[in-house]
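*Asks:* Using my numbering, the letters of the sequence shown correspond one by one to residues 290 to 707. The beta carbon of each residue, even a glycine, is placed where N, CA and C say it ideally should be. Let me begin by handing over the structure; questions about it come next.
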Amino acid sequence: MSNASAPAIGDAAVLADLERVVLWPGHCGHGQAAWPFAAQVLRRARRVAVIADPRVWPLASPALQRAADRAGCRIAAVYDGVRPNPSLDEVRAAAAAIRADRCDALVAIGGGSAIDTAKVAYATVFGGQADPADLLAPGNAWMAGAPQADDPLFLAVPTTAGTGSESSTAALVKDEHGRKLMFRSARSRPGAVVLAPELTLGLPRAATAAGGFDALLHAMGALVNDCDAPVGAALAAESLVRALHAYPRVLATPDDADARAAMLMASYLAGVAIGMKRVDAVHGLCTPLEGRVDMAHAEVLAAIFDPIADHTARKAAASYARAARRCGLAGPDEDDAQAAGRLLDAIRRMRALGGLPDRLPPLALTRDDALALADQALLSPSTRLNPRALDRDDIAGLYLDIAARSQAAPSTVILPAP
Numbered sequence: 290m291s292n293a294s295a296p297a298i299g300d301a302a303v304l305a306d307l308e309r310v311v312l313w314p315g316h317c318g319h320g321q322a323a324w325p326f327a328a329q330v331l332r333r334a335r336r337v338a339v340i341a342d343p344r345v346w347p348l349a350s351p352a353l354q355r356a357a358d359r360a361g362c363r364i365a366a367v368y369d370g371v372r373p374n375p376s377l378d379e380v381r382a383a384a385a386a387i388r389a390d391r392c393d394a395l396v397a398i399g400g401g402s403a404i405d406t407a408k409v410a411y412a413t414v415f416g417g418q419a420d421p422a423d424l425l426a427p428g429n430a431w432m433a434g435a436p437q438a439d440d441p442l443f444l445a446v447p448t449t450a451g452t453g454s455e456s457s458t459a460a461l462v463k464d465e466h467g468r469k470l471m472f473r474s475a476r477s478r479p480g481a482v483v484l485a486p487e488l489t490l491g492l493p494r495a496a497t498a499a500g501g502f503d504a505l506l507h508a509m510g511a512l513v514n515d516c517d518a519p520v521g522a523a524l525a526a527e528s529l530v531r532a533l534h535a536y537p538r539v540l541a542t543p544d545d546a547d548a549r550a551a552m553l554m555a556s557y558l559a560g561v562a563i564g565m566k567r568v569d570a571v572h573g574l575c576t577p578l579e580g581r582v583d584m585a586h587a588e589v590l591a592a593i594f595d596p597i598a599d600h601t602a603r604k605a606a607a608s609y610a611r612a613a614r615r616c617g618l619a620g621p622d623e624d625d626a627q628a629a630g631r632l633l634d635a636i637r638r639m640r641a642l643g644g645l646p647d648r649l650p651p652l653a654l655t656r657d658d659a660l661a662l663a664d665q666a667l668l669s670p671s672t673r674l675n676p677r678a679l680d681r682d683d684i685a686g687l688y689l690d691i692a693a694r695s696q697a698a699p700s701t702v703i704l705p706a707p
């Protein structure tokens with residue numbers, strides 16, 4: 290018997306319902322297979338464009354050139370003008386470079402800024418858009434569609450362990466007014482990823498700490514939220530376990546290649562998980578604040594973690610407790626409140642190890658300011674998936690609490706050992 294009301298598999302409404310669709314990422318080469326894998330996938334290409342962080346392109350270019358030589362393709366264009374927190378103008382410049390040299394494949398090399406720039410440039414060029422802003426038009430069929438077998442190759446080589454941009458469906462880019470725009474499409478997610486830990490060995494400690502903490506909160510947020518996606522939850526749990534073990538090691542011993550590899554994999558798995566499950570209100574409330582404070586993304590996350598997590602745990606301790614038990618942080622005899630505390634304390638220990646802040650610099654907010662921020666936060670599906678439901682007034686109250694904490698003198702807190 291037919292069901293005339295059933296939507297087609299390619300229907301954008303179906304693809305947007307992450308609780309009912311498993312969005313698998315592309316293939317990933319890591320360890321000794323990383324660069325041989327790159328050579329294999331580059332056989333699909335003839336003229337390759339590269340979008341790269343200018344600081345890491347000189348380090349990565351020899352290995353990529355060898356892979357291209359083995360594949361029989363040519364690096365035809367390089368755009369290395371990506372800066373932290375990229376803008377639409379950088380995307381436009383990158384897209385122009387791809388078009389000018391008639392490239393049929395794209396390689397992104399760098400951290401989240403480079404990969405996010407590449408994602409939006411890829412969608413602009415290969416999605417047939419005149420300008421990246423056109424991708425945000427309601428009903429954009431290319432952005433809503435599923436990946437196709439004949440889509441041009443998109444290879445990502447992350448050189449930081451944190452954003453998970455190489456395996457997630459989202460990209461953040463600033464507009465002309467400094468507002469962050471969210472571009473989300475399964476079709477602009479890299480179809481191939483190379484995890485090469487040697488490219489992360491020279492990463493400064495501050496960048497290592499910030500990226501790793503972002504990965505931790507991606508994994509935790511995907512694990513505890515209310516999205517019913519068991520595959521994503523399993524990947525989030527594996528990511529969180531790996532990150533909790535590897536993060537202290539990369540901070541203590543920056544040249545530990547095994548720890549670097551573990552953090553890269555943790556970040557990659559967390560990115561896959563958030564593509565299936567999104568995150569929680571810590572990330573949902575973070576993005577609106579980033580336009581008001583001069584801090585890196587991970588620093589804002591660290592600074593707002595306590596009030597949001599504590600508020601959530603008071604009514605939804607069971608979600609945190611399940612995550613703690615799944616990751617081996619709590620025993621079966623501990624009640625939910627105790628188990629939830631184990632998880633939150635573990636995250637706080639990682640924050641302290643990374644030297645990240647537990648509050649914002651002094652920030653003044655009126656109630657109207659807080660309500661405006663709440664309206665922005667509610668646009669994020671991650672906010673709506675928080676294990677404790679938050680309405681507009683709840684979120685405004687959290688923003689006012691965050692601002693009040695920013696005005697208070699910091700206190701020294703010594704956390705118990707794990």
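Just list the residues that DSSP pairs Y368 with in beta bridges.
*Replies:* To locate residue 368, count along the sequence shown from 1; it is residue 79. DSSP lists I340 as partners of Y368.
*Asks:* Which of the three DSSP states, helix, strand or coil, is assigned to C575?
*Replies:* What you label residue 575 is simply residue 286 of the sequence shown in a count that begins at 1. DSSP places C575 in helix when its eight states are reduced to three.
*Asks:* Would you list, in sequence order, the uninterrupted alpha helix (DSSP H) runs of no fewer than 4 residues that lie entirely inside the region 643–676?
*Replies:* You should have 656–666 and 670–673.
*Asks:* Using the DSSP secondary-structure output, state which residues sit across from K469 in a beta bridge.
*Replies:* The sequence position of residue 469 within the sequence shown is 180, counting from 1. BP columns for K469 point to K463.
*Asks:* Pair every Cβ in the region 466–481 with every Cβ in the region 422–442, then say whether three or more of these pairs are closer than 8 Å.
*Replies:* With the cut-off at 8 Å, the region 466–481 and the region 422–442 touch.
*Asks:* Measure how close the beta-carbons of L484 and A334 come, nearest whole angstrom, since I'm counting them as under 8 Å.
*Replies:* Start at 1 with the first residue of the sequence shown, and residue 484 comes out as number 195. Start at 1 with the first residue of the sequence shown, and residue 334 comes out as number 45. That pair is no contact at about 20 Å.
*Asks:* Can you tell me whether L668 is buried or exposed? The criterion is at least 16 other CB atoms within 10 Å of its CB, across all chains shown.
*Replies:* Within the sequence shown, numbered from 1, the residue matching residue 668 stands at position 379. It counts as exposed.
*Asks:* For the 8 Å Cβ check, are there 3 or more pairs between the region 485–501 and the region 528–548?
*Replies:* Yes, since at least three Cβ pairs between the region 485–501 and the region 528–548 fall closer than 8 Å, the two stretches touch.
*Asks:* Could you pull the start and end residues of the alpha helix (DSSP H) that L424 belongs to?
*Replies:* Stepping through the sequence shown from its first residue, residue 424 is reached at position 135. Element bounds for L424: n/a, residue is neither H nor E.
*Asks:* Report the three-state DSSP secondary structure of V589 (helix, strand or coil).
*Replies:* In the sequence shown, counting from the first residue as 1, residue 589 sits at position 300. Of the three classes helix, strand and coil, the one that applies to V589 here is helix, per DSSP.
*Asks:* Measuring straight from C-alpha to C-alpha, what distance separates R388 and D378?
*Replies:* As a first step, residue 388 is located in the sequence shown; it is residue number 99 there, counting from the start. As a first step, residue 378 is located in the sequence shown; it is residue number 89 there, counting from the start. Cα to Cα, R388 sits roughly 15 Å from D378.
*Asks:* Would you tell me roughly how many angstroms separate the C-alpha atoms of L652 and L687, rounded to the nearest one?
*Replies:* The residue labelled residue 652 in the question sits at position 363 within the sequence shown. The residue labelled residue 687 in the question sits at position 398 within the sequence shown. Between L652 and L687, the C-alpha separation is close to 13 Å.
*Asks:* What are the boundary residues of the alpha helix (DSSP H) that A518 is part of?
*Replies:* By one-based count along the sequence shown, residue 518 stands at place 229. Counting along the chain, A518 falls outside any alpha helix (DSSP H), and DSSP gives it neither H nor E.
*Asks:* How long is the line joining the alpha carbons of A697 and R648, rounded to whole angstroms?
*Replies:* Counting from 1 along the sequence shown, the entry for residue 697 is found at position 408. Counting from 1 along the sequence shown, the entry for residue 648 is found at position 359. The alpha-carbon atoms of A697 and R648 are separated by roughly 9 Å.
*Asks:* Mind checking if A610 is an interface residue toward chain B, Cβ cutoff 8 Å exclusive?
*Replies:* The structure shown contains no chain B; it is built from a single protein chain.
*Asks:* Exposed or buried, what is E391 when buried is set at 16 or more other beta-carbons lying within 10 Å of its beta-carbon?
*Replies:* Reading the sequence shown from its first residue, position 102 is the one you call residue 391. Before going on, a small fix: residue 391 reads as Arg here, not Glu. Exposed: under 16 other Cβ atoms inside 10 Å.
*Asks:* Bridge partners of D621, per DSSP?
*Replies:* For this step, residue 621 is matched to residue 332 along the sequence shown. Note on residue identity: the sequence assigns Pro, not Asp, to residue 621. Beta-bridge pairing links P621 to no other residue.
*Asks:* Locate the beta strand (DSSP E) running through V482, then write down its first and last residues.
*Replies:* Your numbering for residue 482 matches position 193 in the sequence shown. Run containing V482: A481 to L484, per the beta strand (DSSP E) assignment.
*Asks:* According to DSSP, is T629 part of a helix, a strand, or is it coil?
*Replies:* Here residue 629 corresponds to residue number 340 of the sequence shown, with the count starting at 1. Checking the sequence shown, residue 629 turns out to be Ala, not Thr. Here A629 sits in helix by DSSP.
*Asks:* How should K604 be labelled, buried or exposed, when 16 other C-beta atoms within 10 angstroms of its C-beta is the threshold for buried?
*Replies:* Here residue 604 refers to the residue found at position 315 when the sequence shown is read from its first residue. That one is exposed.
*Asks:* Let me confirm a value: A546 is counted as buried when at least 16 other C-beta atoms fall within 10 Å, else exposed. Which label applies?
*Replies:* In the sequence shown, residue 546 corresponds to position 257, counting from 1. Exposed, by the Cβ-count rule.
*Asks:* Go ahead and pull the three-state DSSP assignment for G299.
*Replies:* Within the sequence shown, numbered from 1, the residue matching residue 299 stands at position 10. A caution first: G299 carries a pLDDT of 42, below 50, which makes its placement in the model too unreliable to give a value.
*Asks:* Is A397 closer than 8 Å to A445 when the C-beta atoms are compared?
*Replies:* Reading the sequence shown from its first residue, position 156 is the one you call residue 445. Reading the sequence shown from its first residue, position 108 is the one you call residue 397. Yes, the Cβ-Cβ distance between A445 and A397 is below 8 Å.
*Asks:* Look at the alpha carbon of S350 and the alpha carbon of S454, and state the distance between them as a whole number of angstroms.
*Replies:* Taking the first residue of the sequence shown as 1, we reach residue 350 at position 61. Taking the first residue of the sequence shown as 1, we reach residue 454 at position 165. Looking at the two C-alpha atoms, the distance is approximately 20 Å.
*Asks:* Looking at V380 and T406, is the spacing between their C-beta atoms short of 8 Å?
*Replies:* Here residue 406 refers to the residue found at position 117 when the sequence shown is read from its first residue. Here residue 380 refers to the residue found at position 91 when the sequence shown is read from its first residue. Cβ atoms of T406 and V380: closer than 8 Å.
*Asks:* As a quick exercise: from D664, A422, A541 and A438, pick the residue whose alpha carbon is nearest that of E465.
*Replies:* As a first step, residue 465 must be located in the sequence shown, where it is residue number 176. Out of D664, A422, A541 and A438, A422 has the C-alpha closest to the C-alpha of E465.
*Asks:* In this structure, what does DSSP give as the bridge partners for F443?
*Replies:* Counting from one through the sequence shown, the residue named residue 443 turns up at place 154. In the DSSP output, where bridge partners are listed per residue, F443 has L395.
*Asks:* Give the DSSP bridge partners of R363, in chain order.
*Replies:* The count along the sequence shown starts at 1 and reaches residue 363 at position 74. Beta-bridge pairing links R363 to R336.
*Asks:* Tell me G318's beta-bridge partners as DSSP assigns them.
*Replies:* Here the question's residue 318 lines up with position 29 in the sequence shown. Beta-bridge pairing links G318 to V483.
*Asks:* Return yes when the Cβ of G560 is within less than 8 Å of the Cβ of S456, no when it is not.
*Replies:* Your numbering for residue 456 matches position 167 in the sequence shown. Your numbering for residue 560 matches position 271 in the sequence shown. Contact: yes.
*Asks:* Look at the alpha carbon of I298 and the alpha carbon of A663, and state the distance between them as a whole number of angstroms.
*Replies:* Here residue 298 refers to the residue found at position 9 of the sequence shown. Here residue 663 refers to the residue found at position 374 of the sequence shown. Note that I298 scores a pLDDT of 39, beneath 50, so its modelled location is shaky and nothing firm can be said.
*Asks:* Short of 7 Å in beta carbon distance, which residues of its chain neighbour L660, apart from the five on each side in sequence? Order them along the chain.
*Replies:* For this step, residue 660 is matched to residue 371 along the sequence shown. If we look at L660 and ignore the five residues flanking it on each side, its Cβ neighbours are R681 and A685.
*Asks:* Assuming F472 and A460 make a contact with CB atoms under 8 Å, what is their CB distance in whole Å?
*Replies:* As a position in the sequence shown, residue 472 is number 183, starting the count at 1. As a position in the sequence shown, residue 460 is number 171, starting the count at 1. So it is a contact: roughly 4 Å between Cβ atoms.
*Asks:* Roughly how many angstroms separate the alpha carbons of A550 and G644, rounded to a whole number?
*Replies:* Start at 1 with the first residue of the sequence shown, and residue 550 comes out as number 261. Start at 1 with the first residue of the sequence shown, and residue 644 comes out as number 355. Taking the straight line from one Cα to the other gives about 22 Å.
*Asks:* Sorted by chain position, which residues of the same chain lie with C-beta nearer than 8 Å to L704's C-beta, five sequence neighbours on each side aside?
*Replies:* For the purposes of this step, residue 704 is taken as the residue at position 415 of the sequence shown. Because L704 sits at a pLDDT of 49, beneath the cut-off of 50, its placement in the model cannot be relied upon, and the following sentence gives the value as read from the coordinates. D634, R637, R638 and A641.
*Asks:* Can you give the Cα-Cα distance for V520 and A562, rounded to whole angstroms?
*Replies:* In the sequence shown, the residue the question calls residue 520 occupies position 231. In the sequence shown, the residue the question calls residue 562 occupies position 273. Rounded to the nearest angstrom, the two C-alpha atoms are 8 Å apart.
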